[in-house]
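Chains P, B, G and L, in that order, give the protein sequences.
Going by our numbering, the first sequence opens with residue 253, and the numbers climb by one from there.
Going by our numbering, the second sequence opens with residue 253, and the numbers climb by one from there.
Going by our numbering, the third sequence opens with residue 253, and the numbers climb by one from there.
Going by our numbering, the fourth sequence opens with residue 253, and the numbers climb by one from there.
In this text, a Cβ means the ideal position worked out from N, Cα and C, and glycines have one as well.
What follows is a short report on a single structure.
Protein chains: 4
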Amino acid sequence: MQKIGFIGLGIMGGPMAANLVKAGYDVTGLARSAASTERLHQAGAKPASSIAEATRGADVVITMLPDSPDVEAVVLGPEGVLDAASEGLLLIDMSTIAPATSLAVTEAAQAKGVRVLDAPVSGGEAGAVEGSLSIMVGGEAEDVAAARSILEAMGKTIVHVGDTGSGQTVKAANQLLVAGIITLVSEALVLLEASGVDGERGLEVLAGGLAGNAILDRKAATMLARNFRPGFRIELHHKDMGIAQASARAAGVALPVTGQVAQLVAAAQAMGYGAQDHSALLQVIEALSGRRTD
Amino acid sequence: MQKIGFIGLGIMGGPMAANLVKAGYDVTGLARSAASTERLHQAGAKPASSIAEATRGADVVITMLPDSPDVEAVVLGPEGVLDAASEGLLLIDMSTIAPATSLAVTEAAQAKGVRVLDAPVSGGEAGAVEGSLSIMVGGEAEDVAAARSILEAMGKTIVHVGDTGSGQTVKAANQLLVAGIITLVSEALVLLEASGVDGERGLEVLAGGLAGNAILDRKAATMLARNFRPGFRIELHHKDMGIAQASARAAGVALPVTGQVAQLVAAAQAMGYGAQDHSALLQVIEALSGRRTD
Amino acid sequence: MQKIGFIGLGIMGGPMAANLVKAGYDVTGLARSAASTERLHQAGAKPASSIAEATRGADVVITMLPDSPDVEAVVLGPEGVLDAASEGLLLIDMSTIAPATSLAVTEAAQAKGVRVLDAPVSGGEAGAVEGSLSIMVGGEAEDVAAARSILEAMGKTIVHVGDTGSGQTVKAANQLLVAGIITLVSEALVLLEASGVDGERGLEVLAGGLAGNAILDRKAATMLARNFRPGFRIELHHKDMGIAQASARAAGVALPVTGQVAQLVAAAQAMGYGAQDHSALLQVIEALSGRRTD
Amino acid sequence: MQKIGFIGLGIMGGPMAANLVKAGYDVTGLARSAASTERLHQAGAKPASSIAEATRGADVVITMLPDSPDVEAVVLGPEGVLDAASEGLLLIDMSTIAPATSLAVTEAAQAKGVRVLDAPVSGGEAGAVEGSLSIMVGGEAEDVAAARSILEAMGKTIVHVGDTGSGQTVKAANQLLVAGIITLVSEALVLLEASGVDGERGLEVLAGGLAGNAILDRKAATMLARNFRPGFRIELHHKDMGIAQASARAAGVALPVTGQVAQLVAAAQAMGYGAQDHSALLQVIEALSGRRTD
Numbered sequence: 253m254q255k256i257g258f259i260g261l262g263i264m265g266g267p268m269a270a271n272l273v274k275a276g277y278d279v280t281g282l283a284r285s286a287a288s289t290e291r292l293h294q295a296g297a298k299p300a301s302s303i304a305e306a307t308r309g310a311d312v313v314i315t316m317l318p319d320s321p322d323v324e325a326v327v328l329g330p331e332g333v334l335d336a337a338s339e340g341l342l343l344i345d346m347s348t349i350a351p352a353t354s355l356a357v358t359e360a361a362q363a364k365g366v367r368v369l370d371a372p373v374s375g376g377e378a379g380a381v382e383g384s385l386s387i388m389v390g391g392e393a394e395d396v397a398a399a400r401s402i403l404e405a406m407g408k409t410i411v412h413v414g415d416t417g418s419g420q421t422v423k424a425a426n427q428l429l430v431a432g433i434i435t436l437v438s439e440a441l442v443l444l445e446a447s448g449v450d451g452e453r454g455l456e457v458l459a460g461g462l463a464g465n466a467i468l469d470r471k472a473a474t475m476l477a478r479n480f481r482p483g484f485r486i487e488l489h490h491k492d493m494g495i496a497q498a499s500a501r502a503a504g505v506a507l508p509v510t511g512q513v514a515q516l517v518a519a520a521q522a523m524g525y526g527a528q529d530h531s532a533l534l535q536v537i538e539a540l541s542g543r544r545t546d
Numbered sequence: 253m254q255k256i257g258f259i260g261l262g263i264m265g266g267p268m269a270a271n272l273v274k275a276g277y278d279v280t281g282l283a284r285s286a287a288s289t290e291r292l293h294q295a296g297a298k299p300a301s302s303i304a305e306a307t308r309g310a311d312v313v314i315t316m317l318p319d320s321p322d323v324e325a326v327v328l329g330p331e332g333v334l335d336a337a338s339e340g341l342l343l344i345d346m347s348t349i350a351p352a353t354s355l356a357v358t359e360a361a362q363a364k365g366v367r368v369l370d371a372p373v374s375g376g377e378a379g380a381v382e383g384s385l386s387i388m389v390g391g392e393a394e395d396v397a398a399a400r401s402i403l404e405a406m407g408k409t410i411v412h413v414g415d416t417g418s419g420q421t422v423k424a425a426n427q428l429l430v431a432g433i434i435t436l437v438s439e440a441l442v443l444l445e446a447s448g449v450d451g452e453r454g455l456e457v458l459a460g461g462l463a464g465n466a467i468l469d470r471k472a473a474t475m476l477a478r479n480f481r482p483g484f485r486i487e488l489h490h491k492d493m494g495i496a497q498a499s500a501r502a503a504g505v506a507l508p509v510t511g512q513v514a515q516l517v518a519a520a521q522a523m524g525y526g527a528q529d530h531s532a533l534l535q536v537i538e539a540l541s542g543r544r545t546d
Numbered sequence: 253m254q255k256i257g258f259i260g261l262g263i264m265g266g267p268m269a270a271n272l273v274k275a276g277y278d279v280t281g282l283a284r285s286a287a288s289t290e291r292l293h294q295a296g297a298k299p300a301s302s303i304a305e306a307t308r309g310a311d312v313v314i315t316m317l318p319d320s321p322d323v324e325a326v327v328l329g330p331e332g333v334l335d336a337a338s339e340g341l342l343l344i345d346m347s348t349i350a351p352a353t354s355l356a357v358t359e360a361a362q363a364k365g366v367r368v369l370d371a372p373v374s375g376g377e378a379g380a381v382e383g384s385l386s387i388m389v390g391g392e393a394e395d396v397a398a399a400r401s402i403l404e405a406m407g408k409t410i411v412h413v414g415d416t417g418s419g420q421t422v423k424a425a426n427q428l429l430v431a432g433i434i435t436l437v438s439e440a441l442v443l444l445e446a447s448g449v450d451g452e453r454g455l456e457v458l459a460g461g462l463a464g465n466a467i468l469d470r471k472a473a474t475m476l477a478r479n480f481r482p483g484f485r486i487e488l489h490h491k492d493m494g495i496a497q498a499s500a501r502a503a504g505v506a507l508p509v510t511g512q513v514a515q516l517v518a519a520a521q522a523m524g525y526g527a528q529d530h531s532a533l534l535q536v537i538e539a540l541s542g543r544r545t546d
Numbered sequence: 253m254q255k256i257g258f259i260g261l262g263i264m265g266g267p268m269a270a271n272l273v274k275a276g277y278d279v280t281g282l283a284r285s286a287a288s289t290e291r292l293h294q295a296g297a298k299p300a301s302s303i304a305e306a307t308r309g310a311d312v313v314i315t316m317l318p319d320s321p322d323v324e325a326v327v328l329g330p331e332g333v334l335d336a337a338s339e340g341l342l343l344i345d346m347s348t349i350a351p352a353t354s355l356a357v358t359e360a361a362q363a364k365g366v367r368v369l370d371a372p373v374s375g376g377e378a379g380a381v382e383g384s385l386s387i388m389v390g391g392e393a394e395d396v397a398a399a400r401s402i403l404e405a406m407g408k409t410i411v412h413v414g415d416t417g418s419g420q421t422v423k424a425a426n427q428l429l430v431a432g433i434i435t436l437v438s439e440a441l442v443l444l445e446a447s448g449v450d451g452e453r454g455l456e457v458l459a460g461g462l463a464g465n466a467i468l469d470r471k472a473a474t475m476l477a478r479n480f481r482p483g484f485r486i487e488l489h490h491k492d493m494g495i496a497q498a499s500a501r502a503a504g505v506a507l508p509v510t511g512q513v514a515q516l517v518a519a520a521q522a523m524g525y526g527a528q529d530h531s532a533l534l535q536v537i538e539a540l541s542g543r544r545t546d
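Shown next, in the form of structure tokens:
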């Protein structure tokens with residue numbers, strides 16, 4: 253029975269850890285409060301009061317954290333994962349961070365004999381709860397093989413996409429596609445409604461053809477209702493578009509539509525929609541078209 | 253048994269007319285050559301040698317033509333459909349044209365007692381052959397009801413989206429979504445490959461999540477192989493992006509990403525890819541990223 | 253002494269006609285009301301009550317009208333300029349219209365023995381009053397030579413840029429540059445102010461270097477004061493961006509920044525700033541940056 | 253007589269240091285080779301063999317370095333400026349770097365009693381040689397006053413734009429304007445030439461009106477001749493567009509045209525024009541319009 257330390261028990265990490273317990277793993281989660289300790293007990297996991305305690309004795313440590321600086325602090329910082337790790341530990345970072353940070357963390361870990369996979373996810377809170385996440389994994393083939401059954405406890409589609417950092421690059425590509433398609437669906441909807449066409453019937457027929465996409469399938473109803481309760485927040489997607497652009501710069505490529513969509517996500521953030529679902533990009537297009545009065 | 257005149261027997265119109273014959277309709281097609289006369293005979297349809305001949309005695313005339321000027325010429329021109337039409341004729345224009353042209357044609361037709369539906373389609377040559385097109389219909393509810401069984405002989409998803417011209421507006425929205433998503437998939441692929449990630453495995457995992465879309469499902473393989481045999485040609489999509497922009501201008505809305513994608517489609521045309529499949533937009537992104545040597 | 257008919261005595265055309273009188277020309281203006289008749293008398297010009305009256309007996313007819321349909325109606329329409337023109341008339345169209353319309357008008361005129369120059373202007377109301385307009389002239393060299401002293405009565409920089417329609421193409425290029433630079437200045441100003449930098453001192457130093465431009469020289473003060481009294485209205489610039497994009501499409505080129513700026517001008521129009529000066533584009537950038545509360 | 257240490261004697265820094273000598277200052281420059289030692293002797297400056305030697309005993313140290321990491325290394329690194337500085341030293345950083353780096357350097361310096369101005373320049377090699385640079389200065393008013401005569405030896409327009417980091421923000425605004433205007437001029441030129449209009453005469457008339465700008469004044473001739481010898485290199489402007497976008501992100505604003513222009517500069521870099529003048533952006537627009545055969 254493998255022992256897993258889990259650091260980062262938020263909206264995503266909490267249900268992911270619970271799914272590992274259900275699959276039979278011995279999970280120790282980092283609990284920062286009495287409330288989170290209680291939740292861990294209920295999920296069947298053990299609480300740890302420090303990163304070191306969650307790490308010591310673990311075969312695998314999983315991190316699921318908001319941003320690059322968090323991962324740097326937890327893994328590289330004083331009393332962090334690397335300080336407490338035994339040689340041979342497998343660290344699976346499932347956060348969405350900059351590929352460059354991922355590479356830096358991996359290099360530091362390997363110097364201590366710790367193996368690292370970058371394994372960001374797609375699928376949102378529902379995917380985390382249902383254990384149906386898409387997981388894009390970067391790293392050595394043998395480490396991916398060693399982690400596969402653990403990852404399968406959390407996700408449905410597990411793809412080894414390449415070397416260290418590759419998982420983050422694929423996640424960056426995922427995020428530029430998602431934000432771009434939300435914006436395009438918003439532009440289509442604004443055009444339909446401003447032209448006097450019924451939005452619901454219009455989106456229905458669009459979903460059935462070559463324009464079909466998962467945003468239309470999963471978000472058309474809430475977008476038509478202007479219900480922007482998250483879901484995945486604009487402020488996180490704004491961070492992710494920064495990562496996508498930095499990845500493009502590092503790779504030496506020019507991505508014109510991505511560059512423009514990043515500015516529209518920045519606008520959504522600047523206009524005060526940061527805590528809303530990323531489908532709130534619709535409100536930016538509506539503002540540009542003079543169709544908002546609030 | 254309704255009699256149908258069919259004008260515009262190209263890559264799309266040919267198999268659409270054949271499906272009408274299969275469904276039991278009495279179809280007379282406009283044949284401009286011995287070869288097209290022969291094809292009509294094989295499909296079980298009758299050839300007509302003029303627009304007037306295809307129109308006279310028909311209950312329904314269907315037009316499936318390349319662009320706005322073609323529809324104006326065929327319907328409004330001398331010896332055109334309206335000259336030959338009996339009162340009560342139902343004209344179904346399935347071409348993709350400007351909503352403004354659609355309205356002008358309808359107005360002229362109504363003055364002669366001819367009813368009009370605009371019913372552009374999505375689904376491509378395969379959809380036309382299989383009879384599985386998505387058809388977005390604008391016009392009066394009773395005319396749509398009268399046309400429904402005819403449309404069901406050609407398509408699977410038939411949606412009445414609103415008044416006259418609405419079908420064209422939804423088609424414009426469809427085309428901006430399709431071109432936009434092709435561009436975003438191209439940017440994602442260029443980022444992956446330039447970052448050293450395997451494109452095939454990367455696109456596979458993207459297709460499984462919130463970034464999933466019909467372009468990834470149907471065109472990823474050919475895009476990975478740089479096979480741009482049409483399919484739907486860049487030069488037609490360039491025309492359609494002009495319609496989408498004109499529709500936005502007429503509706504008084506601003507569509508920033510559509511505006512940019514239209515320029516990238518114009519670039520694909522200007523760079524000499526007009527006769528290739530619209531997925532050749534990938535080559536524009538590759539050129540901007542210095543990844544083409546031809 | 254040459255006789256000039258002048259059609260289109262608005263904010264621009266009025267002072268242009270007055271400058272022709274000052275230069276000694278015999279000017280007959282089309283007056284549609286008692287008030288405009290009175291203004292013509294005061295300027296020293298004669299009023300005419302119809303296009304035909306302004307045209308008959310004239311050596312030169314000048315048109316200065318809002319948009320392509322106006323020029324088509326005045327020149328090509330019934331009882332229009334061509335109906336009343338004698339062979340050998342020189343028609344100078346100084347309106348800003350689509351190059352394609354300019355070509356169509358020229359062709360119709362030449363069939364009647366009328367020579368045509370397209371000669372749109374830049375420089376605004378101040379330039380019209382001061383007689384310091386920039387005039388970009390398309391047409392035959394000998395016609396430009398014949399018109400030169402007339403044009404010099406209204407403008408300071410008179411450049412023969414090419415064949416018929418060329419003047420309109422250069423004007424389209426002018427308008428895309430002006431709208432683009434206003435947008436860039438707006439983005440610079442929003443960045444400065446949001447960063448806590450004094451906008452006035454920031455723009456002052458920008459004006460002195462390679463970023464220097466006529467917008468900074470002439471409009472920085474009013475933009476800093478958020479005074480958007482026209483000047484040149486957004487709604488006219490919106491029309492002109494449509495012309496610029498149509499010209500690009502006709503020429504087979506892709507203009508990515510122009511395409512985007514056109515959408516931002518469309519946004520300014522949609523957001524209700526149509527009657528304000530084109531420097532009101534600043535408000536679109538401010539809205540996208542969450543810096544407007546109205 | 254104030255003693256000045258000068259670090260960064262490249263294309264810009266070399267003539268700037270020479271102008272300080274001409275103005276009577278006692279200048280010690282960091283020389284890394286025999287050749288640069290010789291150049292310093294010829295300019296009338298003293299060579300130093302280390303940062304420490306250039307710093308010790310100086311009243312003012314000027315840095316003119318390529319990028320943020322260079323400034324961090326020279327100022328903050330071991331044996332760097334702060335290690336060798338006496339309390340009260342005035343450090344004038346004239347490099348173009350990220351405002352955030354500028355703030356970090358200033359904070360570290362102030363902890364050691366060193367005062368800092370950020371004073372990036374505009375005007376290029378010619379401005380450096382002629383002593384006619386525009387200098388945008390951020391920092392405390394009394395420090396700016398103390399530095400003014402030194403800055404006036406190198407530049408013509410010296411503007412104190414705000415607190416520490418403000419100079420860098422204004423420079424970022426300058427760079428987005430310059431790249432944007434070069435792109436707009438390129439789009440105008442491509443439209444003119446593709447429409448059969450003479451580019452030279454077209455640009456001449458554009459320069460005279462509201463579209464007028466310093467790029468047209470200084471670079472039209474070389475752009476028309478497709479002479480892209482630098483001048484200011486694409487690879488540096490690519491770096492600067494990264495700074496402009498990072499500044500916008502830090503300030504919480506959305507700059508749509510800047511975001512797009514940044515991608516076109518990235519394209520110029522990716523297409524292999526990194527060592528050419530920034531006016532080589534013309535070649536990106538030409539490539540998108542199918543007007544390049546190389």
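If you draw a straight line from the Cα of V449(B) to the Cα of V273(B), it comes to about 50 angstroms. With a cutoff of 8 angstroms on beta-carbon distance, L458(L) and A425(G) are scored as near each other.
For T510(B), the C-beta contacts it makes with chain P under 9 angstroms involve L436, E439, A440 and L443, in order along the chain. With a cut-off of 8 angstroms on Cβ pairs, the segment 401 to 408 of chain G is not in contact with the segment 421 to 435 of chain L, counting fewer than three such pairs. Residue environment for G365(P): exposed (fewer than 16 other C-beta atoms within 10 angstroms of its C-beta). If you draw a 10 Å sphere on the C-beta of D469(L), you find fewer than 16 other C-beta atoms in it, and that means exposed. For A424(P), the secondary structure class from DSSP, reduced to helix, strand or coil, is helix. E339(G) and S386(G) have their alpha carbons spaced roughly 29 angstroms apart. As the crow flies, the alpha-carbon of G417(L) is around 22 angstroms from that of A522(P).
If you draw a straight line from the Cα of L455(B) to the Cα of G390(P), it is about 14 angstroms long. For A519(B), the neighbours in chain L by C-beta distance under 9 angstroms run, in chain order, A539, L540, S541 and G542.
Ranked by how close their Cα comes to the Cα of L476(B), the residues V327(B), D319(B) and R453(B) have R453(B) in first place. Residues of chain P whose Cβ lies closer than 9 angstroms to the Cβ of G524(G) are, in chain order, G542. Short of 6 angstroms from the beta carbon of D311(B), and not among the five residues preceding or following it, lie these beta carbons of its own chain, in chain order: Q254 and K255. At least one CB of chain G lies nearer than 8 angstroms to the CB of N426(L).
Only buried fits R501(B), as 16 or more other CB atoms lie within 10 angstroms of its CB.
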